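A quick write-up on the structure given underneath.
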Amino acid sequence: MAKILVSSCLLNCAVRYDGSSVEACSDDFEWLVDTQEIVSLCPEVAAGLPIPRVPAEICGANGTEVLDGTAGIIGSDKTDLTEQFILGAKLALELCRKYNIQYAVLTENSPSCGSNYIYDGSFSGTKIMGSGVVSALLQRMEIIVFSQHTVGQLRELISVSKAN
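For the sequence shown, this note's numbering gives the first residue as 7, with consecutive numbering after it.
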C-alpha cells in the first residue's frame, strides 16, 4: 500500500474557491481510495485562503514560472495571491517529505494542482497546457503527479512496482 497525496476537493471536501468539491468518479479513483493510504490536502486552504474565495489564475505562464518568480497568481478581483499559492505548494511538499510520499493525485485545471492543464489567466475559461504551482514543485522534487483523469496510469505503475 502506497501513501498518496490527494487533493481534498477530489475526496468530496467542499474546499474549492466556490465552496464546492470535484466529482472524481471512475473505477480507478475508487481503487485508489479503497486500496491506498490517502493523505488529503487542499494547499490553498492550508495556506490560509478562505472558503469561498475569489477565483485565481496564473497570469500568462504556469507554476514553474511562479516558483521561479517570473509570473504570479492573481484573483479575479486583481488581488495578488502568489505568496499564498507558493506557501500552499511548500506545505504540500512538506507533507510529502513527512510521510515519504512519492505520488500525488491533484485536481486538473487548478492554479495549484493542475498537472497538465491550467486556465490562461484571462478569467475567460480558456485552458492551456501547463502545471499549477503545487504540481510544478512536487515534480521538481521527483514526486510523480497525476490528475483525477490519469489515476489509471498510477494504478498501472503501482501494480508493476508490486510485481517486481
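Just so you know, even glycine gets a beta-carbon here, dropped at the ideal spot from N, CA and C.
Please read all numbers here as calculations on a predicted model, not as lab measurements.
**Report entry** Residues bridged to residue 135 [DSSP beta-bridge criterion]
**Finding:** Sequence index remark: in the sequence shown, residue 135 carries index 129 (1-based). According to DSSP, residue 135 bridges with 123.
**Prompt:** Would the beta-carbon of residue 118 fall within 7 angstroms of that of residue 91?
**Reply:** Walking along the sequence shown from the start, residue 118 turns up at place 112. Walking along the sequence shown from the start, residue 91 turns up at place 85. With respect to residue 91, residue 118 sits close: the two C-beta atoms are nearer than 7 angstroms.
Which same chain residues end up closer than 8 angstroms to residue 143 when comparing Cβ atoms and leaving out the 5 residues on each side of it in sequence? Indexing the sequence shown from 1 puts residue 143 at position 137. Once the five neighbours on either side are set aside, the close Cβ partners of residue 143 are 69, 73, 95, 96, 98, 99.
**Q.** 7 angstroms CB neighbourhood of residue 18 in its chain, flanking five on each side removed
**A.** Here residue 18 corresponds to residue number 12 of the sequence shown, with the count starting at 1. Here the set comprises 27.
**OP:** May I ask you to report which of helix, strand or coil DSSP gives residue 96?
**Re:** The residue labelled residue 96 in the question sits at position 90 within the sequence shown. In the structure shown, the three-state DSSP call for residue 96 is helix.
ask   = Taking C-alpha atoms, which residue in 62, 77, 58, 8 lies nearest to residue 84?
value = What you label residue 84 is simply residue 78 of the sequence shown in a count that begins at 1. The shortest C-alpha separation from residue 84 is found at 62.
Query raised in the report: If we ignore side chains and look at the alpha-carbon of each, how far apart do residue 46 and residue 79 end up?
Result: Indexing the sequence shown from 1 puts residue 46 at position 40. Indexing the sequence shown from 1 puts residue 79 at position 73. Distance between the alpha carbons of residue 46 and residue 79: 23 angstroms.
Handout entry: Backbone CA spacing between residue 32 and residue 152 [nearest angstrom]
Key = Working through the sequence shown from its first residue, we reach residue 32 at position 26. Working through the sequence shown from its first residue, we reach residue 152 at position 146. Cα to Cα, the separation comes out at about 14 angstroms.
Per-residue burial, residue 50 [other beta carbons within 10 Å of its own, 16 or more giving buried]: Position 44 of the sequence shown, counted from the start, is the residue given in the question as residue 50. Buried: at least 16 other Cβ atoms inside 10 Å.
Who are the near neighbours of residue 25 in its chain, counting only those whose CB is closer than 8 angstroms to its CB and skipping five residues on each side?
As a first step, residue 25 must be located in the sequence shown, where it is residue number 19. If we look at residue 25 and ignore the five residues flanking it on each side, its Cβ neighbours are 57, 58.
Practice task
Reducing DSSP to helix, strand and coil, say where residue 114 ends up.
Solution key: Here residue 114 refers to the residue found at position 108 when the sequence shown is read from its first residue. Looking at residue 114 - three-state DSSP - the assignment turns out to be coil, as it is neither helix nor strand.
- Run through DSSP, which three-state label would residue 164 get? Here residue 164 refers to the residue found at position 158 when the sequence shown is read from its first residue. DSSP, reduced to helix, strand and coil, places residue 164 within a helical segment of the structure shown.
(Q) Whole angstroms are fine: how far does the CA of residue 168 sit from the CA of residue 60? (A) Within the sequence shown, the letter at position 54 stands for residue 60. Within the sequence shown, the letter at position 162 stands for residue 168. Approximately 43 angstroms between the Cα atoms of the pair.
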